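Keeping their order, the protein sequence lines are chains S and F.
Note that the numbering used here has the first sequence beginning at 9, numbered continuously upward.
Note that the numbering used here has the second sequence beginning at 9, numbered continuously upward.
Protein chains: 2
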Amino acid sequence: MASKIINNIRWFLPSQDREKNSEYDEIVVSSRIRIARNLADLPFELKMKHNHCEQLLELLKNVLTGKLKGKFFGMENLSMLDKESLLECYLISPAFLKSEKPSALFITERGNVTVMINEEDHLRIQSLSHGLNFPEIASEAFEVETTIGEELIYAFDKKYGFLTSCPTNIGTGLRASVLLHLPALVFTNEVEKVLKGAVQIGMAVRGLFGEGSDTKGNLFQISNQQTLGMKEEELIDTIVKLAHMIIDIEMKARDVIMNKARYEFEDKVARSLAVLRSARIISSDEVLNLVSAVRFGVGTGFIKDVELDTLNEIILVSRPANIQIYFGEVLEEYERDVKRAEYIRKRLQAEKK
Amino acid sequence: MASKIINNIRWFLPSQDREKNSEYDEIVVSSRIRIARNLADLPFELKMKHNHCEQLLELLKNVLTGKLKGKFFGMENLSMLDKESLLECYLISPAFLKSEKPSALFITERGNVTVMINEEDHLRIQSLSHGLNFPEIASEAFEVETTIGEELIYAFDKKYGFLTSCPTNIGTGLRASVLLHLPALVFTNEVEKVLKGAVQIGMAVRGLFGEGSDTKGNLFQISNQQTLGMKEEELIDTIVKLAHMIIDIEMKARDVIMNKARYEFEDKVARSLAVLRSARIISSDEVLNLVSAVRFGVGTGFIKDVELDTLNEIILVSRPANIQIYFGEVLEEYERDVKRAEYIRKRLQAEKK
């Protein structure tokens, strides 16, 4: 399976055909849209029997492979390592990884849209992009949603909108999220205050890796909690505006750092890049923190010879399952730490040329 | 004064006319000989009056500048920064730095021998060299001792030998010491055992920087405690044999590390060199530890593009007073950390070419 999943990783890496919003790409690591849908003619999650699941998969396989270009994977055919790699690439959810129900994954040829079939809802359609890029990913996700909707009938209620397995998703079934890199707000100890503000206006916030003060890589995911009573456009508009507000606050914190602690900043960034370029053993958590510092350095123009795409790739390939897929072999933790360091050294060496 | 002291630093740096014992130069950082002498015609330390001190300085100034090439400094003419720099270059002792008595320092033109005048004893003649190099430095120190002895009469007792201010120096008045770099014995937790053995055979041992487990830079100084009842040659022979024994044990510990923890070793060395090459703020203590790792890497052949002399220079110039002398300006601690990082980056950059 390894080679197929490597393709997935490549798919996830920034598509060359996507436009870049380079002004924010360092702070807004990625944008994501997820649409929950269920079919009207099949029972919902808790009432589904085995034959309903098989029926769902059969229906979707026909529609998706018949009308769209892409790959359809029965999840039972994938190894645990492959599944973990898909999770690390944000192509499946943690719940989907653990699920023992018959389930499947569809990935479009361009890798921009994935459909989890038989997750909590019958369908979870997702589109993902680097940077702040909602119009494009929303249109991509809804294109797939529409294609399926032309062949199959979605569970829909005039009063509530689209029906979902869990009431928190009812209405639009839409969740929009941004992954933000906020090193200056973490450094100035303001991040908690800012994120609490986001929660107060109805957003869900979490550190991407680790919880609370243990957040690694200074990465924070913000997503809407409300799915009912707002139009899709309003939902997306709210999160885009919030992202811009947080970008502004992060930029102000950066100005403070540049004025008051420039050497500390440059020291941390330069050391972090030097360690990435020279380590012989490195954990994925350390990579997150070092890459965060270098990313900050790229964002401020202090580091000029490393591309953001390279850093995105390093974060992704460095994850524990992906690094094994990358080298095409099953590796123990210690071996992964050695191989990861080797991969990063070579990747950054290639960058220099 | 700054420019004169910079000359002193240059003098201390390995003289190009010294032969190198390259086999041990990484482990035996330096060898030192110190000879204590007093003049028969003047009272000893505790009974000296001001006029005796002045008389001593006058006598020695005439002999030293008359018969040897070098510079004679009245210590009262030096700033505290200059004195601290001399201490950091191992050219004066901590007691001499603090002394408020009239005192002076003579440094030979080649910088290989220094004479402290009116330290605890009337004369402390010292010779210093990188590597394990006792025959040469002993002959250099005794050459100066003889030159002075031809003009002035040393306090000498037929039964006890040379008389000194403190009974611990009586007899030969000779102290021989080696500065050993023992990273593998520290890593394998064997260093304490080994050094206790040295103490049991009558040696004094101390970490060069910091005490006990807080030893920085993995540097240990071993010197003879016994000065009475042994000939000079025997004393030196004992310490040379001991140095060789410890070198052997350190080498065995290195074999163990190379066999069992090669990646950890390479990781630590490569990261340390990378940080030295890229840091923007660095303390002198951190320099000690990073240089120790790189030195270890040079010793094992893992690092090929850095010279030991460069590392010796970096350690020396990085000390708090020397870095100010080097840049020719008085610097606060924070400014020193920034300037030190700048100096080290440039120094290692020059090395690469």
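Built from N, CA and C at the ideal position, the CB exists for glycine as well.
From a predicted model like this one, the values you see are computed outputs, not experimental measurements.
Against E272 of chain S, the close residues of chain F are R288 and I289, in the order they occur along the chain (beta-carbon pairs closer than 9 angstroms). In chain order, K91 and L95 place their CB closer than 6 angstroms to the CB of L105 of chain F, counting only its own chain and leaving out the 5 sequence neighbours on each side. Exclusion of the five residues before and after A212 of chain F leaves S231 and Q233 as the residues of its chain whose Cβ lies within less than 7 angstroms of its Cβ. About 13 angstroms separates the beta carbon of L296 of chain F from that of V283 of chain F, a gap too long to meet the 8 angstroms contact definition.
Taking a beta-carbon distance threshold of 8 angstroms, R262 of chain S does not count as an interface residue toward chain F. The beta carbon of V346 of chain S sits closer than 8 angstroms to some beta carbon of chain F. Between the alpha carbons of G169 of chain F and I290 of chain F lies a gap of roughly 48 angstroms. Assignment of L227 of chain F by DSSP, reduced to helix, strand and coil, places it in the strand class. Annotated three-state conformation of S111 of chain S is coil, per DSSP. Interface residue (Cβ-Cβ distance to chain S less than 8 angstroms): A282 of chain F is classified as such. Between I35 of chain S and H252 of chain S, the CB-CB gap reaches or exceeds 8 angstroms. Taking a C-beta distance under 8 angstroms as the contact criterion, I331 of chain S and R348 of chain S qualify as a contact pair. Around A278 of chain F, the beta-carbon contacts reaching into chain S at under 8 angstroms are S286, A287 and R288. Its chain contains V302 as the residues whose beta carbon lies nearer than 6 angstroms to that of L281 of chain F, once the 5 sequence neighbours on both sides are disregarded; these appear in chain order. Beta-bridge annotation (DSSP): H58 of chain F is not paired with any residue.
Closest in alpha carbon position to E84 of chain S, among S:P51, S:G78 and S:N126, is S:N126.
The straight-line gap separating the alpha-carbon atoms of E198 of chain S and T116 of chain F is approximately 60 angstroms. Assignment of beta strand (DSSP E) within the region 49 to 97 of chain F, counting only whole runs of 3 or more residues, yields 78 to 82 in chain order. The way I'd put it, the region 191 to 206 of chain S doesn't touch the region 149 to 157 of chain S; fewer than three beta-carbon pairs between them come closer than 8 angstroms. With 16 or more other CB atoms across the displayed protein chains lying within 10 angstroms of its CB, M124 of chain S is buried. Taking a C-beta distance under 8 angstroms as the contact criterion, S300 of chain F and I145 of chain F do not qualify as a contact pair. Spanning the alpha carbons of S147 of chain S and N177 of chain S requires a straight line of approximately 20 angstroms.
Contact note: D33 of chain F does not reach chain S at a C-beta cutoff of 7 angstroms; the least C-beta distance is about 25 angstroms.
Cβ atoms of G309 of chain S and V277 of chain S stay farther apart than 8 angstroms, at about 11 angstroms. C-alpha of G215 of chain S to C-alpha of V37 of chain S: approximately 13 angstroms in a straight line. In the DSSP assignment, A287 of chain F falls outside any beta strand (DSSP E), carrying neither H nor E.
DSSP places N330 of chain S in the helix class (H, G or I) of the three-state scheme. With a threshold of 8 angstroms between beta carbons, D275 of chain S makes contact with chain F.
I41 of chain F and V325 of chain F have their C-alpha atoms spaced approximately 23 angstroms apart. Collapsing the DSSP output to three states places R118 of chain S in coil. Linking C174 of chain F to Q229 of chain F through their CA atoms gives a straight-line distance of about 21 angstroms. Membership of H189 of chain S in the beta strand (DSSP E) is indicated by the continuous run L182 to H189.
Residue environment analysis places H58 of chain F among the exposed positions, since fewer than 16 neighbouring C-beta atoms fall within 10 angstroms of its C-beta. DSSP places H130 of chain F outside both helix and strand once states are collapsed to three, so it counts as coil. Exposure of N70 of chain F is indicated by the presence of fewer than 16 other C-beta atoms within 10 angstroms of its C-beta. An exposed status is given to G210 of chain S, since fewer than 16 other beta-carbon atoms sit within 10 Å of its beta-carbon.
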